[in-house]
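Below: the structure, in structure tokens.
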Amino acid sequence: MSVAVAKHGEVKHNYLNAGDTVLSWLLTTDHKRIAVLYLVSVTLFFAVGGLLALLIRLELLTPQGDLMTSENYNRVFTMHGVVMIFLFLIPAIPAVLGNFLVPLMVGARDLAFPRLNLASWYVYMAGGLIATWAMVNGGVDTGWTFYPPYSSSYSTSQVTLTIIGAFLIGFSSIFTGINFIVTIHKMRAPGLTWFRLPLFIWAHYATSVIIVLGTPVVAITLLLVAVERVFRLGIFDPALGGDPILFQHLFWFYSHPAVYIMILPAMGVISEVVACFSRKRVFGYHFVAFSSVAIAVIGFLVWGHHMFTTGQSVYAGMVFSLLSFLVAVPSAVKVFNWTATMYKGHIEFRAPMLYVMGFLGLFVIGGLTGLFLASLATDIHLQDTYFVVAHFHYIMVGGTIFGYLAGLHFWWPKMTGRMYPEGIAKLAALIIFAGFNLTFLPQFVLGYLGMPRRYHWYPEEWQMLHVMSSAGAALLGIGYILPVFYLLWSLRNGALAGPNPWGATGLEWKTDSPPITHNFEETPIVTEEPYAYENHHQQEEVASGTGASTAEA
Amino acid sequence: MTNGHDTHSHIVPIKVYLLVYVALLVLLVATVGAAYLPGHHTLLNNVIALTIAVIKAVLVILYFMHVRYSTRLTWLWASAGFFWLLIMFILTLGDYFTRHWVPVLGWE
Amino acid sequence: MVQEQAQQKLSIQFEDIAQQNESYIVGMWTFLVTEIMFFGGLFATYLVYRVANQEVFWEAHRHLSIPLGFFNTCVLLTSSLTMALTVHYSQRGLRKQQLLWLLVTMALACTFLVVKGFEYHHKFVEGLIPGANFRFEPAEHMRVAQLFFSLYFAMTGLHALHVIIGVLVMTILAVLIAIKHPSVQDFIPIELTGLYWHFVDIVWIFLFPLLYLIPR
Chain A
258 MSVAVAKHGE VKHNYLNAGD TVLSWLLTTD HKRIAVLYLV SVTLFFAVGG
308 LLALLIRLEL LTPQGDLMTS ENYNRVFTMH GVVMIFLFLI PAIPAVLGNF
358 LVPLMVGARD LAFPRLNLAS WYVYMAGGLI ATWAMVNGGV DTGWTFYPPY
408 SSSYSTSQVT LTIIGAFLIG FSSIFTGINF IVTIHKMRAP GLTWFRLPLF
458 IWAHYATSVI IVLGTPVVAI TLLLVAVERV FRLGIFDPAL GGDPILFQHL
508 FWFYSHPAVY IMILPAMGVI SEVVACFSRK RVFGYHFVAF SSVAIAVIGF
558 LVWGHHMFTT GQSVYAGMVF SLLSFLVAVP SAVKVFNWTA TMYKGHIEFR
608 APMLYVMGFL GLFVIGGLTG LFLASLATDI HLQDTYFVVA HFHYIMVGGT
658 IFGYLAGLHF WWPKMTGRMY PEGIAKLAAL IIFAGFNLTF LPQFVLGYLG
708 MPRRYHWYPE EWQMLHVMSS AGAALLGIGY ILPVFYLLWS LRNGALAGPN
758 PWGATGLEWK TDSPPITHNF EETPIVTEEP YAYENHHQQE EVASGTGAST
808 AEA
Chain B
28 MTNGHDTHSH IVPIKVYLLV YVALLVLLVA TVGAAYLPGH HTLLNNVIAL
78 TIAVIKAVLV ILYFMHVRYS TRLTWLWASA GFFWLLIMFI LTLGDYFTRH
128 WVPVLGWE
Chain C
382 MVQEQAQQKL SIQFEDIAQQ NESYIVGMWT FLVTEIMFFG GLFATYLVYR
432 VANQEVFWEA HRHLSIPLGF FNTCVLLTSS LTMALTVHYS QRGLRKQQLL
482 WLLVTMALAC TFLVVKGFEY HHKFVEGLIP GANFRFEPAE HMRVAQLFFS
532 LYFAMTGLHA LHVIIGVLVM TILAVLIAIK HPSVQDFIPI ELTGLYWHFV
582 DIVWIFLFPL LYLIPR
């Protein structure tokens, strides 16, 4: 790891050079180091998930299933889903950026329970390795949703092992959630009232509430499937008196809110970045803050929209459909407020801001197509087609990954003390945006034409659309690889960042980059509202006038 | 009332614990007694049994778990769990209770 | 109290003891919320099947022993009282009484487990363990009766697992208190264990009427 060197050449003390043995990393309780551990692990798992996606797209280049057998195709898309959802999307922003920033933003020396935080990483790794072990030993073919009775009675793949992995990963996110909740409640710096908190913190609070209330339910449900499978019981198997739709209720009770676990932290990132690079207060701070909480609460009332075409009661379907429309309201509030924040702002097109603008467009498309699917009648036509696939990739890739990359670039100077190279970062952002749309826009059309998900044979007239999609995926892959190289390069060669390269508000920018082990020399005292960019004209001129990337090159 | 004290140094007198304990035992006997009521009162019996269980749980939470003497934050979290449990029960059971309101071809 | 708290060790991330204590208690409650939801999934499953199969569940539940269930409920309620007393003496800094009541709580917890073991053994003898050897009369109710017993074992088994974890934690605490270890100088470890233990008790408060007292 690089060592930040101050102007006069002396080596400054910080969290990265606080110890350089492997053990000092593996036994650390510093939230910043744990964030780095998570960063490395989620990146590795993202690479695995990405390779699986590449296999899927390769197979779909031709209408015949010529690259792999149907059984293998089932395993590949299942493992793509399991790895991406449980091992990347859910921990990505909370466990990397959240872990790093929550204590810094609330002005605390660490999270409330540092050892629990470290335990969460170990549990995550254990779950990840078990899931990987299952993959190596034949994989799993149930789809990431593990629907019984196929998963409990018929599948011959590694269902039990994968479920144990998912169960453990669930516990690691529960540990993180508990830590965030207690830290945000009890450890805010003097003067940092709830309505002076950065919106990133509000978003992470809402996320933690969902994690704590939802994850245990899916844990026990998956455990029941595993027990049913191992002991040949009939808890969800209709042949033995059970009801498979009950599994779906319990599974989606968590797994729908889990979508908000993935998107809410990204929304927190967007609020920070959009205010900084528009040089304005976030428009309607209170609305954005409460919309996070509203999404967390209403998000728990909509799960039945995944089950419109099962044997679920029509009346329950109507209620779930109505409530699903309701959850669009707080999401829309956020989008309107971010747009209004940019209105008449001094917008700087830095790489994080490009990701934010990409996020806004893609999230709107993802959200609106979600409304099609929440309508009872339309859903009958679109259920289980590529329309659904495209919809949730617009939310998860266009939303979460764009938010994650925006945040990673935005706080990279804080985490490493070095600037990333701006030009190539912008290029990567544009490639990812183009590649993403080329991959998933054709899938909306495919879905509307009736292409079902989870099939690898399809009629020849759809080949053109599939080829477009696969080409986009290749482009997207290049876009993802670029940051790996230039971010690693910047560790040694990037310009020194200084404490606040963006001229941003917020406590995390008031301490060194990279921060010292316990974050602050003395506990900060907060006296102003968040995002008071109009009070920071001087800093702004310093930062944007010379451009931090050239400052000390 | 005992509120307003520092939450952590609040020591509940043994007498309060004993009273709660006696109340719990009485309620336990009442539950078992209600189950042996003559005649078929399925719904009534279920309601009685669950009401008593809820009262017992509330007693344990308020006194044994000191929530009565704790901060609002503890109140909030203690109730959040049960509130979300209700969401899960109501929306899930809502499906099962309304499933047969519309006759569907092929179902009995 | 004041002098006693001054001895308490303050972790680096906290400003003062009050903040540290409150953080631990809120953290424990947050954990208990996850436990509530964890058991909640099982309770929801049980409720759905019970509503659908009231008659057969009634028939199946007659194989459970109400006297043993009643006895075990008394044992757990009493253990909650003794746990509360442990916390009480721990707050007052009376080490001997604290240790005594903690040991009593452990003894009661073990009693509960032994009785539960006898109940499970009885089910085994009767052929009521779900699986290939499950036997139930009348035969046309066997499927649903097996569902009942699957849920019975899942719910009481998960609860028993929590009791076992509780006993293990209490054993560690008892040893630490006995050797006057500094980490149990203050009441927080006991208070947190107490919160957990009362939660285990609450789960049983609901399990007993739901499983043992099904009306016809």
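Residue numbers (the working numbering), protein chains in the order written: chain A, 258 to 810; chain B, 28 to 135; chain C, 382 to 597. Using N, Cα and C, we set each Cβ at its ideal position, and we do this for glycine too.
Report task. List the residues of chain C whose Cβ lies closer than 7 Å to the Cβ of LEU89/B, in chain order. Result -> Taking the first residue of the second sequence as 1, we reach residue 89/B at position 62. Residues of chain C passing the Cβ test: none, with the nearest at roughly 11 Å.
Query - Contact with chain B by GLN640/A, beta-carbon distance below 8 Å - result: By 1-based counting over the first sequence, the position of residue 640/A is 383. Not closer than 8 Å to any Cβ of chain B, the Cβ of GLN640/A fails to qualify, so no.
Query - Proximal residues, the region 44-60 of chain B versus chain C, C-beta separation under 7 Å - result: TYR44, TYR48, LEU51, LEU52, LEU55, THR58, VAL59
Query raised in the report: For the region 564-571 of chain A against the region 694-710 of chain A, are there 3 or more C-beta pairs whose distance is under 8 Å?
Result: no
Query raised in the report: Can you find a CB in chain B that lies within less than 8 Å of the CB of ALA387/C?
Result: Locating residue 387/C in the third sequence gives position 6, where the first residue counts as 1. Any reading at ALA387/C must be qualified, since the residue scores a pLDDT of 43, below 50, and its modelled position is unreliable; no value is offered.
Report task. Grab me the residues of LEU391/C's own chain with a C-beta within less than 8 Å of its C-beta, minus the 5 sequence neighbours each way, in chain order. Result -> For this step, residue 391/C is matched to residue 10 along the third sequence. Counting only Cβ-Cβ distances below 8 Å, and skipping sequence neighbours, we find ASP397, ILE398, GLN401.
Report task. May I ask which residues mark the beginning and end of the alpha helix (DSSP H) holding TYR643/A? Result -> Position 386 of the first sequence, counting from 1, holds the residue named residue 643/A. Unbroken alpha helix (DSSP H) run through TYR643/A: 643-652.
Query raised in the report: So, is the C-beta of TYR788/A closer than 8 Å to a C-beta in chain B?
Result: Position 531 of the first sequence, counted from the start, is the residue given in the question as residue 788/A. Cβ-Cβ to chain B under 8 Å: no for TYR788/A.
Query raised in the report: Count the other CB atoms within 10 Å of the CB of PHE580/C; is the residue buried (16 or more) or exposed (fewer)?
Result: The residue you call residue 580/C lines up with position 199 of the third sequence. PHE580/C is buried by the Cβ-count criterion.
Query raised in the report: For GLN386/C, does the count of other Cβ atoms within 10 angstroms reach 16, so buried, or fall short, so exposed?
Result: If you number the third sequence from 1, residue 386/C lands on position 5. Low per-residue confidence applies at GLN386/C: pLDDT is 45, beneath 50, and the placement is therefore not dependable enough to give any value.
**Report entry** DSSP state of ARG675/A mapped onto helix, strand, coil
**Finding:** Position 418 of the first sequence, counted from the start, is the residue given in the question as residue 675/A. If DSSP states are grouped into helix, strand and coil, ARG675/A belongs with the strands.
Query raised in the report: Can you check whether the CB of GLY656/A is closer than 8 Å to the CB of LEU620/A?
Result: Reading the first sequence from its first residue, position 363 is the one you call residue 620/A. Reading the first sequence from its first residue, position 399 is the one you call residue 656/A. Residue identity differs from the one stated: residue 620/A is Phe in this sequence, not Leu. Taking 8 Å as the Cβ cut-off, PHE620/A and GLY656/A qualify as a contacting pair.
Query raised in the report: Closest Cβ-Cβ distance between GLY422/C and chain A: below 8 Å?
Result: Your numbering for residue 422/C matches position 41 in the third sequence. So, interface residue.
Query - Members of the region 545-573 of chain A near chain B, C-beta cut-off 8 Å - result: PHE557, LEU558, TRP560, GLY561, GLY568, GLN569, SER570, VAL571, TYR572, ALA573
Report task. Give every residue of the same chain whose Cβ lies closer than 6 Å to the Cβ of ILE583/C, excluding the five residues on either side of it in the sequence, and list them in chain order. Result -> Locating residue 583/C in the third sequence gives position 202, counting from the first residue. Same-chain partners within the cutoff: there are none.
Query raised in the report: Should ALA465/C and GLY547/C be called a contact, given that it needs their Cβ atoms to be closer than 8 Å?
Result: As a first step, residue 465/C is located in the third sequence; it is residue number 84 there, counting from the start. As a first step, residue 547/C is located in the third sequence; it is residue number 166 there, counting from the start. Not in contact: ALA465/C and GLY547/C (Cβ atoms no closer than 8 Å).
**Report entry** Sub-8 Å separation of PHE403/A and VAL297/A beta-carbons
**Finding:** In the first sequence, counting from the first residue as 1, residue 403/A sits at position 146. In the first sequence, counting from the first residue as 1, residue 297/A sits at position 40. No, the Cβ-Cβ distance between PHE403/A and VAL297/A is not below 8 Å.
Query - Own chain partners of PHE690/A with C-beta closer than 7 Å, once the 5 adjacent residues on each side are dropped - result: As a position in the first sequence, residue 690/A is number 433, starting the count at 1. Cβ neighbours of PHE690/A beyond the five flanking positions: GLY615.
Report task. Can you check DSSP and say which residues form a bridge with LEU64/B? Result -> Start at 1 with the first residue of the second sequence, and residue 64/B comes out as number 37. DSSP output for LEU64/B lists no bridge partner at all.
**Report entry** Cβ-Cβ distance between HIS442/C and ILE595/C below 8 Å
**Finding:** By 1-based counting over the third sequence, the position of residue 442/C is 61. By 1-based counting over the third sequence, the position of residue 595/C is 214. In this structure, ILE595/C lies closer than 8 Å to HIS442/C by Cβ.
**Report entry** Secondary structure, beta strand (DSSP E): runs of 3+ residues fully inside the region 298-329 of chain A
**Finding:** none
Query raised in the report: Buried or exposed: where does HIS270/A fall if 16 or more other Cβ atoms within 10 Å of its Cβ makes it buried?
Result: Taking the first sequence and counting its residues from 1, the one referred to as residue 270/A is at position 13. It counts as exposed.
Query raised in the report: Do SER535/A and GLY618/A have their C-beta atoms within less than 8 Å of each other?
Result: Position 278 of the first sequence, counted from the first residue, corresponds to residue 535/A. Position 361 of the first sequence, counted from the first residue, corresponds to residue 618/A. In this structure, GLY618/A does not lie closer than 8 Å to SER535/A by Cβ.
Query - Counted within 10 angstroms of its Cβ, other Cβ atoms place GLN569/A as buried (16 or more) or exposed - result: Translated into positions along the first sequence, residue 569/A becomes position 312. Buried.
Report task. With DSSP collapsed to three states, give me the class of PRO709/A. Result -> In the first sequence, residue 709/A corresponds to position 452, counting from 1. PRO709/A falls in the strand class under three-state DSSP.
Query raised in the report: When you compare each of GLY734/A, HIS713/A, LEU733/A to ASN329/A by their alpha carbons, which one comes out closest?
Result: By one-based count along the first sequence, residue 329/A stands at place 72. Ranking GLY734/A, HIS713/A, LEU733/A by Cα distance to ASN329/A puts HIS713/A first.
Query raised in the report: Closest to VAL556/C by CA distance: which of LEU483/C, THR454/C, ARG524/C is it?
Result: Indexing the third sequence from 1 puts residue 556/C at position 175. Ranking the options by Cα distance to VAL556/C, first place goes to LEU483/C.
Query raised in the report: Are ILE393/C and HIS775/A touching if we call contact CB-CB under 8 Å?
Result: Translated into the one-based positions of the third sequence, residue 393/C becomes position 12. Translated into the one-based positions of the first sequence, residue 775/A becomes position 518. Cβ distance < 8 Å, so ILE393/C and HIS775/A count as in contact.
Requested in this report: Kindly indicate if chain B contains any beta-carbon less than 8 Å away from that of GLN384/C.
Outcome: Residue numbering aside, residue 384/C sits at position 3 when the third sequence is read from its first letter. Caution applies to GLN384/C, whose pLDDT of 43 falls short of 50 and renders its modelled position unreliable; the value that the coordinates give is listed next. No, its Cβ sits nowhere closer than 8 Å to a Cβ of chain B.
Query raised in the report: How would you label LYS497/C, buried or exposed, when you count the other beta carbons within 10 angstroms and need 16 or more for buried?
Result: Mapped onto the third sequence, residue 497/C falls at position 116. Per the 10 Å Cβ criterion, buried.
Query raised in the report: Any idea which residues DSSP pairs ILE773/A with across the strands?
Result: Position 516 of the first sequence, counted from the first residue, corresponds to residue 773/A. Its beta-bridge partners are ASN776/A.
Requested in this report: Say whether the region 105-123 of chain B touches the region 407-427 of chain C, bearing in mind that this needs 3 or more beta-carbon pairs closer than 8 Å, one atom from each stretch.
Outcome: yes
Query raised in the report: Could one say the Cβ of TYR123/B lies closer than 8 Å to chain C's Cβ atoms, at least one of them?
Result: Numbered from 1 along the second sequence, position 96 holds the residue referred to as residue 123/B. For TYR123/B, the answer is yes, since a Cβ of chain C falls inside 8 Å of its Cβ.
Query raised in the report: Within 10 angstroms of its Cβ, does HIS127/B collect 16 or more other Cβ (buried), or is it exposed?
Result: Translated into positions along the second sequence, residue 127/B becomes position 100. Exposed, since its Cβ has fewer than 16 Cβ neighbours within 10 Å.
Query - For LEU753/A, the residue or residues it bridges with in DSSP - result: Reading the first sequence from its first residue, position 496 is the one you call residue 753/A. In the DSSP output, where bridge partners are listed per residue, LEU753/A has ARG675/A.
Query raised in the report: Hey, is TRP136/B's beta-carbon within less than 8 Å of any beta-carbon in chain C?
Result: Residue 136/B lies beyond the stretch modelled for chain B, which goes from 28 to 135, so this question has no answer here.
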